[in-house]
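Colleague:
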Amino acid sequence: MTQLRKAFGLLAAAVVTASGLVTFGATGQVAAAAGGTGTGYLHTSGNKILDSTGATVRLTGINWFGMETDNKTFHGLWSSRTWRQQLDQMAQLGYNTLRVPFSDDALKPGATATGINDYTNPDLIGLSPLQILDKVIGYAGSKGMRVILDRHRPTSAGQTALWYTAGVPESTWINDWKTLAQRYAGNTTVIGADLHNEPHAEGTNPAATGACWGCGDTARDWRLAAERAGNAILGVQPNWLIFVEGVSCPSGGLSNVWDGDPSNDEDCGWWGGNLSKAGEFPVRLSVPGRLVYSPHEYATSVYNQPWFSAPDYPANMTAIWDRYWGYLYKQNIAPLMMGEFGTTLANPVDKVWLEKLMAYTGTGVNGISFTYWSWNPNSGDTGGILNDDWTTVNQAKQSILQPYLIPPAGGGPDPTVTTSTTPTTTTSGGGTGGCKTAWKLDNSWQGGFQGTLTVTNTATSAANPWTVVFTLPAGATVASGWNGTFTQAGTTVTVNAPSYSPSLGAGAAVSLGFTANGPSGAPSAVKLGTAACTS
């Protein structure tokens, strides 16, 4: 997503159309809804995404941006939380896919990642942007998540209408994609390439200079460019999915509504959101079963499109989505993955929009895939799933998305620490045996601290549902928590498992992260159910 520039560009296009405590999931064993993220590489058939066994997969993901900016790495690494905790929380909330925007600047030799808290994330200091990406991909994969790479911008300076610039020619764009495909070849966590973010119109018709669809001009036809890049990638990595966004105006130019010539006027939409010509001019790839169309869709917090104030809103939205991109799914032409959609929810109109949009995608594994924009709270137009503290969740947004999320299948907080097993029996509470704990003070400041209490079930059976109880030092109160539902009475804190991930298997662990006000100190008298834990 491009922030203010998108709004300015849409101004012209819109004229054309005229027409507390927080609940998180457990990390010990993340329960998977039917399908999860599947096994092996993914492919397509009709409007479905399938895994290597033929099972239907629905990607329900999130965007974590920053690698496309001057920082050249994920935003929020400056916060008081580790990068692993960010990914833990994403998976626990039910996001099974991570879309990673980047610019070609981040791939250059000598590129430097900045904005990293060396106290919180000391393991990232001195690493290149790609080396940090390697670590994120590795850990996301251990949690059962999938990763989609998104070429968001040619440079960190900003978005462009076309996929190339004078300084970043098409050859660089394609070669960088081939380099990434080779780097992650054989790693089934990385499932595909979102070729270029939000191609869109520039110039006034008939002197269009922006990205068109099906116009036949090789310098501007995004459909042809997507074929060139997609086929080049598939020549290196034939197992990847190729995600192709739409344009804004199929002609590639903005209409001049003042010239009195309606032949130059057309139906335009969001940047990257108009796939109305893809049925007539489909993207043709050299490997069948690899194409996923990826529209973008936004609310009034990005731009107040005319359809939001139409007298039949929100009933009119189904026909609008059908026209721009939904027909591809409904007519079984190709799968869809909404690569970006989001809102601040500041306007009540937007809440209606988001609820309507999610219902449009459908429930269960057969629904339309998506990656929400964004995880980051610092998205100027939309805000994020996280609040400004990079810890607590915007529950108003999460509650709307939650029924449509399919949690990733498997993965503890760290494969070097946690072992997930399948128990033969289950009990309520702590199983038959005991538990052990490890405490890590992640950060502290005047008047508060942040830490992680890892509880391992050493019993011979699962704790189902699991509950952890511990005592904090006198005067310490939990401010926010993740990986479970935190409540506190006096100095006693109780953490209950979320409903979608209730079981902590024998040998499995859960990392309970929290921030607290008051004096720092290790939790004591820890119990898993009724079983006392040892350190």
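For the sequence shown, this note's numbering begins at 17 and goes up steadily by one. Glycine included, each C-beta is placed from N, C-alpha and C at the ideal position.
1) Quick one: residues in its chain with C-beta nearer than 6 Å to the C-beta of alanine 197, no 5 flanking neighbours on either side, listed in chain order?
2) Just to confirm my understanding: we take isoleucine 336, look at its own chain, exclude 5 residues before and 5 after, and list those with CB closer than 7 Å. What are they?
3) Comparing C-alpha positions only, which one of Ala495, Gly70, Ala71 sits nearest to glycine 467?
4) Using three-state DSSP, classify valine 381 as helix, strand or coil.
5) Looking only at its own chain, which residues have a Cβ that is under 7 Å from the Cβ of proline 439, when we skip the five neighbours before and after it?
6) Tell me where the beta strand (DSSP E) around isoleucine 65 begins and ends.
7) Could you tell me whether the stretch 143-156 touches the stretch 407-417, where touching means 3 or more Cβ pairs closer than 8 Å?
8) So what's methionine 83 in DSSP terms, helix, strand or just coil?
9) Could you compute how far the alpha carbon of arginine 97 sits from the alpha carbon of asparagine 533?
10) Given a cut-off of 8 Å, decide if proline 215 and aspartate 166 are closer than it, judged by their beta-carbon atoms.
11) Using C-beta distances below 7 Å, list every residue in its chain close to tryptophan 94, excluding the 5 sequence neighbours before and after it, in chain order.
12) Does the stretch 295-307 come close enough to the stretch 231-243 that 3 or more CB-CB pairs lie under 8 Å?
13) In chain order, what residues of the same chain lie with their CB nearer than 7 Å to the CB of serine 68, ignoring the 5 residues before and after it?
14) What are the start and end residues of each continuous beta strand (DSSP E) run of 3 or more residues lying completely inside the stretch 165-228, in chain order?
15) In the DSSP assignment, find the unbroken alpha helix (DSSP H) run with isoleucine 148 in it and report its ends.
16) Tell me whether the stretch 456-466 and the stretch 505-512 touch, counting them as touching only if at least three CB pairs, one residue from each stretch, are closer than 8 Å.
17) Near valine 485, which residues of its chain fall below 6 Å by C-beta distance, leaving aside the five closest residues on each side in sequence?
18) Here's a check: name, in chain order, each residue in its chain whose Cβ is nearer than 7 Å to the Cβ of valine 365, leaving out the five neighbours to either side.
19) Going by beta-carbon coordinates alone, are alanine 127 and threonine 205 separated by less than 8 Å?
20) Closest to proline 489 by CA distance: which of Asn499, Ser540, Ala475 is it?
21) Hey, glycine 358 and threonine 387: beta-carbon distance below 8 Å or not?
22) Measure the C-alpha to C-alpha separation of tyrosine 180 and phenylalanine 502 and round it to an integer number of angstroms.
23) Do proline 145 and lysine 194 have their beta-carbon atoms positioned less than 8 Å apart in this structure?
24) Hey, would you say threonine 72 sits closer than 8 Å to valine 308, going by beta carbons?
25) For proline 393, count the other beta carbons within 10 Å of its own beta carbon; 16 or more makes it buried, fewer makes it exposed. Which is it?
26) Proline 514 by DSSP, collapsed to three states: which one?
27) If you reduce the DSSP assignment to three classes, tell me which class tryptophan 414 lands in.
28) In whole angstroms, what separates the C-alpha of alanine 538 from that of threonine 546?
29) Here's the rule I'm using: 16 or more other beta-carbon atoms within 10 Å means buried, otherwise exposed. How should lysine 346 be labelled?
30) According to DSSP, which residues form a beta bridge with lysine 124?
31) Residue range of the alpha helix (DSSP H) that tryptophan 99 falls in?
32) For the beta strand (DSSP E) holding glutamate 356, just list the boundary residues, first then last.
33) Tell me which same chain residues have a C-beta within less than 6 Å of the C-beta of glutamate 261, skipping the five on either side of it?
34) What is the residue span of the alpha helix (DSSP H) that glycine 246 lies within?
35) Quick check: the Cα distance between isoleucine 207 and histidine 59, rounded to an integer number of angstroms?
36) With a CB to CB cut of under 7 Å and the five nearest residues on each side skipped, what residues in its chain are close to cysteine 549?
Modeller: Based on what the coordinates show:
1) Along the sequence shown, one-based indexing puts residue 197 at 181. Only Ile249, Val252, Gln253 meet the Cβ criterion.
2) Here residue 336 is taken as the residue at index 320 of the sequence shown, counted from 1. Around isoleucine 336: Trp323.
3) If you number the sequence shown from 1, residue 467 lands on position 451. Cα-wise, what sits closest to glycine 467 is Ala495.
4) By one-based count along the sequence shown, residue 381 stands at place 365. It is coil, neither helix nor strand.
5) Here residue 439 refers to the residue found at position 423 of the sequence shown. With a pLDDT of 29 at proline 439, under the threshold of 50, the predicted position of this residue should be treated as unreliable, though the coordinate-derived value follows. When the five nearest sequence neighbours on each side are left out, the beta carbons in the same chain lying within less than 7 Å of the beta carbon of proline 439 are those of Ser477, Ala478, Gly521, Ala522, in order along the chain.
6) Against the sequence shown, residue 65 aligns to sequence position 49. Where isoleucine 65 is concerned, the enclosing beta strand (DSSP E) stretches over 64-66.
7) Result no; under three Cβ-Cβ pairs closer than 8 Å.
8) The sequence position of residue 83 within the sequence shown is 67, counting from 1. Collapsing the DSSP output to three states places methionine 83 in a strand.
9) Numbered from 1 along the sequence shown, position 81 holds the residue referred to as residue 97. Numbered from 1 along the sequence shown, position 517 holds the residue referred to as residue 533. Their Cα atoms are separated by approximately 16 Å.
10) Along the sequence shown, one-based indexing puts residue 166 at 150. Along the sequence shown, one-based indexing puts residue 215 at 199. The answer is no: Cβ separation not under 8 Å.
11) Locating residue 94 in the sequence shown gives position 78, where the first residue counts as 1. Gly131, Ile132, Asn133.
12) yes
13) Position 52 of the sequence shown, counted from the start, is the residue given in the question as residue 68. Thr55, Gly56, Tyr57.
14) 206-210
15) For this step, residue 148 is matched to residue 132 along the sequence shown. Start and end: 145-158.
16) no
17) Counting from 1 along the sequence shown, the entry for residue 485 is found at position 469. The residues are Thr510, Lys543.
18) Locating residue 365 in the sequence shown gives position 349, where the first residue counts as 1. Result list for valine 365: Thr316, Phe324, in chain order.
19) The residue you call residue 127 lines up with position 111 of the sequence shown. The residue you call residue 205 lines up with position 189 of the sequence shown. Not a contact, by the Cβ cut-off of 8 Å.
20) For the purposes of this step, residue 489 is identified with residue 473 of the sequence shown, where counting begins at 1. Measuring from the Cα of proline 489, the nearest candidate turns out to be Ser540.
21) Looking up residue 358 in the sequence shown gives position 342. Looking up residue 387 in the sequence shown gives position 371. No. Outside cutoff.
22) By one-based count along the sequence shown, residue 180 stands at place 164. By one-based count along the sequence shown, residue 502 stands at place 486. If I take the Cα positions, the gap works out to 49 Å.
23) In the sequence shown, the residue the question calls residue 194 occupies position 178. In the sequence shown, the residue the question calls residue 145 occupies position 129. Note that the C-beta distance between lysine 194 and proline 145 is not below 8 Å.
24) Here residue 72 refers to the residue found at position 56 when the sequence shown is read from its first residue. Here residue 308 refers to the residue found at position 292 when the sequence shown is read from its first residue. No, they are not a contact pair.
25) Looking up residue 393 in the sequence shown gives position 377. The residue in question, proline 393, is buried, as its Cβ has 16 or more Cβ neighbours within 10 Å.
26) By 1-based counting over the sequence shown, the position of residue 514 is 498. Taken through DSSP and simplified to helix, strand or coil, proline 514 comes out as coil.
27) One-based indexing of the sequence shown puts residue 414 at position 398. First, the residue type needs correcting, since residue 414 is glutamine and not tryptophan in the sequence shown. DSSP places glutamine 414 in helix when its eight states are reduced to three.
28) For the purposes of this step, residue 538 is identified with residue 522 of the sequence shown, where counting begins at 1. For the purposes of this step, residue 546 is identified with residue 530 of the sequence shown, where counting begins at 1. One C-alpha to the other measures close to 20 Å.
29) Taking the sequence shown and counting its residues from 1, one reaches residue 346 at position 330. Classification of lysine 346: exposed, given that the 10 Å Cβ count is below 16.
30) Stepping through the sequence shown from its first residue, residue 124 is reached at position 108. Its beta-bridge partners do not exist; DSSP assigns none.
31) Taking the sequence shown and counting its residues from 1, the one referred to as residue 99 is at position 83. Counting along the chain, the alpha helix (DSSP H) containing tryptophan 99 begins and ends at 99-109.
32) Translated into the one-based positions of the sequence shown, residue 356 becomes position 340. Per DSSP, glutamate 356 belongs to the beta strand (DSSP E) from 356-358.
33) By 1-based counting over the sequence shown, the position of residue 261 is 245. Gly288, Ser310.
34) As a first step, residue 246 is located in the sequence shown; it is residue number 230 there, counting from the start. Its alpha helix (DSSP H) spans residues 238-252.
35) Position 191 of the sequence shown, counted from the start, is the residue given in the question as residue 207. Position 43 of the sequence shown, counted from the start, is the residue given in the question as residue 59. Near 9 Å, if we compare the C-alpha coordinates of histidine 59 and isoleucine 207.
36) For the purposes of this step, residue 549 is taken as the residue at position 533 of the sequence shown. Result list for cysteine 549: Gly450, Cys451, Lys452, Thr453, Val471, Val542, Lys543, in chain order.
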